[in-house]
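Sequential numbering of the sequence shown, starting at 8, is according to the working numbering. Virtual Cβ for every residue (Gly too), placed ideally from N, Cα, C. Since the model is a prediction, treat every value here as computed from it, not as a measurement.
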Amino acid sequence: MGPLAPLLLLALVATVSSYCPPGSLFSSNREKCITAVPVPLSYRNAQLSCGLFDGRLAKIENSDEYDLLFEHLSQKDAAGTQYWLGGTNINTTWVWLDGKKFSFSNWAVDEPANPEDENCLLVERETRLWKAEDCEKTAHYVCEMEPVVSLVDDDCPVTTPETCPPCPTCPPDVTCPPVTECPICPTTQETPTTTPSLPLNYPTCPFFSDRQSYIPDPDWKLDSYGGYEYALYTLKRNFTEAEASCAYYGAHLVSILDEHVEKFALGMAQDTTVWVGGIVTGEESFCWTDGRESNFNLGISMDKRSCIGCSQSYGCFNGNCEDALGFICKRLPPN
Numbered sequence: 008m009g010p011l012a013p014l015l016l017l018a019l020v021a022t023v024s025s026y027c028p029p030g031s032l033f034s035s036n037r038e039k040c041i042t043a044v045p046v047p048l049s050y051r052n053a054q055l056s057c058g059l060f061d062g063r064l065a066k067i068e069n070s071d072e073y074d075l076l077f078e079h080l081s082q083k084d085a086a087g088t089q090y091w092l093g094g095t096n097i098n099t100t101w102v103w104l105d106g107k108k109f110s111f112s113n114w115a116v117d118e119p120a121n122p123e124d125e126n127c128l129l130v131e132r133e134t135r136l137w138k139a140e141d142c143e144k145t146a147h148y149v150c151e152m153e154p155v156v157s158l159v160d161d162d163c164p165v166t167t168p169e170t171c172p173p174c175p176t177c178p179p180d181v182t183c184p185p186v187t188e189c190p191i192c193p194t195t196q197e198t199p200t201t202t203p204s205l206p207l208n209y210p211t212c213p214f215f216s217d218r219q220s221y222i223p224d225p226d227w228k229l230d231s232y233g234g235y236e237y238a239l240y241t242l243k244r245n246f247t248e249a250e251a252s253c254a255y256y257g258a259h260l261v262s263i264l265d266e267h268v269e270k271f272a273l274g275m276a277q278d279t280t281v282w283v284g285g286i287v288t289g290e291e292s293f294c295w296t297d298g299r300e301s302n303f304n305l306g307i308s309m310d311k312r313s314c315i316g317c318s319q320s321y322g323c324f325n326g327n328c329e330d331a332l333g334f335i336c337k338r339l340p341p342n
């Protein structure tokens, strides 16, 4: 039997199936699951709550997706009248959490007014219109996330539970929705006191972002030679989201300053292609997100606007900053 025979046999008896968790709805336009969560939270805490399930506040790119959202709200008979979506105002430009500008909008009359204290996107359920709102206001919210992927036998139907267990982690002062709603409970994780802002659409040098994005605390690995510790995430994020996830734990995407760091970090990555903290502006300008400087040769092009990705097998390369890759964070150990 040849080396590929076991794989061929597996293909005959099993297929890959994907489905949305109970209580959510599949959006075929971007192959995402969307779910409305009837728990009032601030914009920041709503985004953190979505992040607990590897999701984020929802993005709406066209009218079909918008119609699907309100179909979902009507099916769930959602009680809330206002919902956070994943839009925010950066210097009078409205962008989604991935940094993309709006290609679709449904603003109410005289919106957005863009005052200094109304920088987050709220949708009114009854009118279906958008408005700019204070990010500290509490409202229900809509998350989007990747479908669940599983390997199943062809002869077995894919089933999902019809009900969900009670919500065990809601704080005592928050009323949980009925158990059939499959709620995403608000996080009890402490959050920064400052309101985060998103980076511009494309990373620039010098790089600065005060945005932080919650992600589960990883296992940090100390490099005794350099005194830094490193964490590998196989969860896929675009470049700006990856940097924001590192920032949540006081870290940056790894800066590869010498051959030792390159071997240590990429040795952790193994077969995972990862973002590191390098940015090329396309004008012979290069920087690391942590501001460090080095003449170490990564073998990349300096005239191609890009973000730097690496793998142990292929080395480093000029990547599209919007691509979703794993990533490695680097920080000094906390005291």
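One or two residues paired with residue i in a DSSP bridge
i	result
Cys314	Ile286 and Gly326
Leu129	Trp91 and Lys138
Val116	None, per the DSSP bridge assignment.
Phe60	In the DSSP output, where bridge partners are listed per residue, Phe60 has none listed.
Tyr26	Val155
Lys108	Val102
Thr42	Cys150
Phe293	Val287
Phe334	Tyr240 and Trp282
Ile97	Thr100
Leu260	Cys336
Leu305	None, per the DSSP bridge assignment.
Residue i to residue j span [Cα, whole Å]
i	j	result
Ala249	Val261	11 Å
Ile222	Pro154	18 Å
Pro340	Trp227	9 Å
Val181	Tyr148	With a pLDDT of 46 at Val181, under the threshold of 50, the predicted position of this residue should be treated as unreliable, and no value is reported.
Leu273	Pro210	23 Å
Pro225	Cys253	10 Å
Tyr237	Phe271	9 Å
Thr170	Ser81	Model confidence at Thr170 stands at a pLDDT of 38, short of 50, so the residue's coordinates are unreliable; what they give is reported in the following sentence. The straight-line gap from Cα to Cα measures roughly 19 Å.
Asp61	Ser49	19 Å
Leu332	Gln277	14 Å
Asn304	Met152	37 Å
Leu55	Gln319	32 Å
Gly285	Arg312	11 Å
Ser110	Ala139	17 Å
Lys108	Gly93	12 Å
Leu242	Val281	10 Å
Trp137	Asp117	11 Å
Phe324	Arg132	45 Å
Pro206	Leu76	Per-residue confidence for Pro206 stands at a pLDDT of 38, beneath the threshold of 50, marking its modelled position as unreliable; the derived number appears in the next sentence. Cα-Cα distance, rounded: 27 Å.
Cys294	Ile307	13 Å
Val130	Leu264	46 Å
Ile67	Cys57	16 Å
Cys27	Phe33	6 Å
Pro47	Thr288	40 Å
Asn96	Ser112	13 Å
Leu104	Asp230	33 Å
Classification of residue i by the beta-carbon crowding that lies within 10 angstroms, buried from 16 upward
i	result
Gly316	buried
Thr42	buried
Phe214	buried
Asn245	buried
Tyr90	buried
Leu128	buried
Arg63	buried
Cys174	Below a pLDDT of 50, predicted positions are generally treated as unreliable, and Cys174, at 44, falls in that range; the measurement from the model is reported next regardless. Buried.
His79	buried
Ala120	exposed
Thr167	Because Thr167 carries a pLDDT of 44, less than 50, the predicted location of this residue cannot be relied on, and no value is offered for it.
Glu291	exposed
Gly322	exposed
Thr296	buried
His2	The first residue shown for the chain is 8 and the last is 342, placing residue 2 beyond what the model contains.
Asp240	Note that residue 240 corresponds to Tyr in the displayed sequence, not to Asp. Buried, by the Cβ-count rule.
Tyr232	exposed
Ser301	exposed
Glu143	exposed
Asn98	exposed
Gly30	buried
Thr247	buried
Helix, strand or coil at residue i according to DSSP, with G and I counted as helix
i	result
Trp266	For the sequence presented, residue 266 should be read as Glu rather than Trp. Helix at Glu266.
Ala146	strand
Phe271	helix
Cys212	coil
Glu78	helix
Pro340	coil
Glu123	coil
Ser34	strand
Leu55	helix
Ala276	helix
Leu205	Note that Leu205 scores a pLDDT of 37, beneath 50, so its modelled location is shaky; the value from the coordinates is reported in the next line. Looking at Leu205 - three-state DSSP - the assignment turns out to be coil, as it is neither helix nor strand.
Exercise. Unbroken alpha helix (DSSP H) runs of length 4 or more, entirely within the stretch 219-255: which are they?
Worked result: Counting only runs of at least 4 residues, the stretch 219-255 fully encloses the following alpha helix (DSSP H) elements, listed from N- to C-terminal order: 246-254.
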